[in-house]
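Data block below; observations after.
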Amino acid sequence: ELSDCSFITGKQSSMLVLKGVSLSAASGELVAVVGATGSGKSSLLLSICGELEMTKGTGHVSGSIAYLEQSPWIMNDTVRANIVFGRDYNADLFDKIIHACALTDNIARWPSADLTVVSERSINILGGQWAWLALAQTIYSHADIYVLDDLLSAVDAHVRRHILNHVLLDSGMLAGKLRIVATNTGHIIPYAHKI
Numbered sequence: 001e002l003s004d005c006s007f008i009t010g011k012q013s014s015m016l017v018l019k020g021v022s023l024s025a026a027s028g029e030l031v032a033v034v035g036a037t038g039s040g041k042s043s044l045l046l047s048i049c050g051e052l053e054m055t056k057g058t059g060h061v062s063g064s065i066a067y068l069e070q071s072p073w074i075m076n077d078t079v080r081a082n083i084v085f086g087r088d089y090n091a092d093l094f095d096k097i098i099h100a101c102a103l104t105d106n107i108a109r110w111p112s113a114d115l116t117v118v119s120e121r122s123i124n125i126l127g128g129q130w131a132w133l134a135l136a137q138t139i140y141s142h143a144d145i146y147v148l149d150d151l152l153s154a155v156d157a158h159v160r161r162h163i164l165n166h167v168l169l170d171s172g173m174l175a176g177k178l179r180i181v182a183t184n185t186g187h188i189i190p191y192a193h194k195i
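Per the UniProt record's numbering, the sequence shown runs over residues 1 to 195.
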């Protein structure tokens, strides 16, 4: 919960990026943060994650947070290592997550399936697949709160529908969790509990 909060980028620059922000959300809700490019959506998400300094107001976030940024970083390692990201490997959970993130067919086509090594220079991973891989990693973290920045922009309509149904909506893998999703399109609005 945020109440009349203002945030700056940091002590060094002290640039005000958000002013008078109030937000209340609970477990199980899907919250859509909608606005044009450059309107402050990412800054709001960063403030929720505690990455911006609060200069005014009161704020409290209860629970663990998994954050998926617009341009996710993928380490030079296997697909599996990128998704599991140092946590214990659970084959059943892993398979459910790659299905939910529309990665099953892609991974089956890669030379060593989920043991294929990927990096920023990988020619076998397309742009949208980076986002799906990072989404899978985010889900595998098993957090209480999922803060997702523009994750649906890098996918086509078919994959968008799949991710909505299998991840984001109340029937998806993150059902029961607080999901805060920033977007500059309206695809998620009809399903959101709050906008």
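Backbone N, C-alpha and C fix where the C-beta goes; we use that ideal spot for every residue, glycine too.
Check	Outcome
Could you check which residue in Ala26, Asp88 and Leu30 has the C-alpha nearest to that of Asp170?	Leu30
Are the Cβ atoms of Leu52 and Ile8 separated by less than 9 Å?	yes
Can you tell me whether Asn106 is buried or exposed? The criterion is at least 16 other CB atoms within 10 Å of its CB, across all chains shown.	buried
In its own chain, which residues sit with a C-beta less than 8 Å from the C-beta of Trp130, not counting the 5 before and 5 after it?	Pro72, Ile74 and Ala154
For the alpha helix (DSSP H) containing Arg161, list its first residue and its last residue.	Ala157 to Ile163
From Ile189 to Leu174, what does the alpha carbon distance come to, in whole angstroms?	17 Å
Reducing DSSP to helix, strand and coil, say where Phe94 ends up.	helix
So, using beta-carbon positions, are Leu177 and Ser24 closer together than 9 Å?	This sequence places Lys at residue 177; Leu is not what is there. For Lys177 and Ser24, no; Cβs fall outside 9 Å.
For Lys56, report the span of its beta strand (DSSP E) as first-last.	Glu53 to Gly59
Please state whether the Cβ-Cβ distance between Ser6 and Lys19 is less than 9 Å.	yes
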